[in-house]
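The numbers in my numbering rise by one with no breaks, and the one at position 10 of the sequence shown is 10.
Structure record follows, encoded as structure tokens.
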Amino acid sequence: DACKVMAKDLVRTRRYIQKFHKMGTSLQGVSLRIQSMNSNQQMAVAMRGATTAMKSMNKSMNLPGMQKVLMDFERESETMDMKEEMMNDAIDDAMEDGEMDDEEESEELVNRIIDEIVLEGNQTMGTVPKTIKEQSAVAEGIGAIDPLDDDAALQARLDSLRRE
């Protein structure tokens, strides 16, 4: 008899535990629904504020005036682009003549320098040493040449050509 009473008590206790678990999950579900409803309410309040702001912006906005300003801006921008293009063309035309003269002059100068170098090279080759002693003397002389002197000589030639 005592065993049956204890078994019934154990069964009842297990049912109560299951009911408490069900009630806990139900309370969590209710809590989630309350949070969801609270979020929806906050969203509605935010949307109401945004709607009010949009209404006030629509009332204060002068659409025909804004369209006129934008059309004026577009027209002036096109005028400015045309003027800029005309100025660029004029500058290009003016610079084109000067560039041709500069190119011809620089090409002529380069040709003179090349001719002078070829002449000097031909003169130097004409005096090639024939004996071993002459070759060693020329080699010693070449080693003693300072590259700065060569630069100075070339600069002097260039200056004389420019004076002509």
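Cβ atoms here follow ideal geometry from the backbone N, Cα and C, with glycine treated the same way.
On the criterion of 16 or more Cβ atoms from any shown chain inside 10 Å, does residue i qualify as buried, or is it exposed?
i	result
G143	Interpretation of G143 is limited by its pLDDT of 49, a score under 50 that renders its predicted location unreliable; no figure is taken from the coordinates.
Relative to the alpha-carbon of residue i, which residue among the options has its alpha-carbon at the smallest distance?
i	options	result
V110	D159, A90, R33, Q35	D159
R157	Q123, N122, G121, I117	I117
Would you mind stating whether residue i and residue j have Cβ atoms separated by less than 7 Å?
i	j	result
R112	L161	yes
Going by beta carbon distance, what residues of the same chain come within less than 6 Å of residue i, once the five residues before and after it are set aside?
i	result
T79	none
G29	none
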